[in-house]
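Let me begin by presenting the structure, written as structure tokens, before commenting on it.
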Amino acid sequence: NISALSYGLTIGWSSPIAPLLQTAQTPVGKVPMSDEQIAWMNGALCLGALCFLPICGFLTERFGRKIAGCLIAVPSTACWLLISFATNFWCLLAARIFAGIAGSLALIVLPLYVSEISGDSVRGQNGSILVFAVNIGIVVAYVLGATLPYQVFGLCAFATPILFLFGFCFMPETPIYLMRKGRIDEAT
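Counting from 17, one number per residue, gives the positions in the sequence shown under this note's numbering.
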């Protein structure tokens, strides 16, 4: 799943990038970031996820799994654009909050979507792809962060929510959601 991969990239991004942000050659701002700023930047991911988590269930029930899934791309895209063009600590803090929002959506909506469209014989396999993709994203972030320039890494990662949105737009709504909404003809 591309969205889970993107979330993994955001989780792993800070490990190779934080030391760079604390040097005189920091690509963000003119002053190296302090340990406290790095800690806040890292914690903002969880803060964004926690604050947005209650809204995820509402979105999936009100608008459907497909629309809620497509919405993952919005905060994820904002995150990578803010990271790529950040001029100060506050831009990175906002980016990480958006990353947490995208992560909470991805970790709620995608397993629900997969479980509702998968057949019984492959549901477990399909469900495990999410965790695999997140972990692959973390590893890829370690590699890209160590080898690519700061902004190039961010722009490469920016492609992941766009690819996800393009692919997910063509996915059907889940039959279970359609049946709950009384749209039985569309569900079959």
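Using N, Cα and C, we set each Cβ at its ideal position, and we do this for glycine too.
key: Cutoff 8 Å; reference residue 31; Cβ partners in own chain excluding five residues on either side   = 157, 158, 161
query = What are the start and end residues of each continuous beta strand (DSSP E) run of 3 or more residues lying completely inside the stretch 65 to 147, in chain order?
reply = none
task = For residue 50, name the three-state secondary structure that DSSP assigns.
result = coil
key: Close beta carbons around residue 64, own chain, < 6 Å, minus the five adjacent residues each side   = 113, 116, 117
request  = Have a look at residue 86 and residue 58 and give me their C-alpha separation to the nearest angstrom.
outcome  = 25 Å
Best match in 201, 74, 154, 119 for proximity to residue 90 [C-alpha to C-alpha] = 119
query = Would you call the stretch 42 to 50 and the stretch 171 to 182 in contact, with 3 or more CB pairs under 8 Å?
reply = no
query = If we ignore side chains and look at the alpha-carbon of each, how far apart do residue 123 and residue 132 end up?
reply = 15 Å
ask   = So residue 183 is in the alpha helix (DSSP H); what residue range does that whole segment cover?
value = 166 to 184
Own chain, CB closer than 7 Å to residue 139, minus 5 neighbours either side, in chain order = 131
task = Give the secondary structure of residue 199 by DSSP, where H, G and I count as helix, E and B as strand, and everything else as coil.
result = coil
query = If we call anything under 8 Å between Cβ atoms a contact, is residue 126 one with residue 22?
reply = no
query = What number of angstroms, rounded off, separates the C-alpha of residue 39 from the C-alpha of residue 33?
reply = 10 Å
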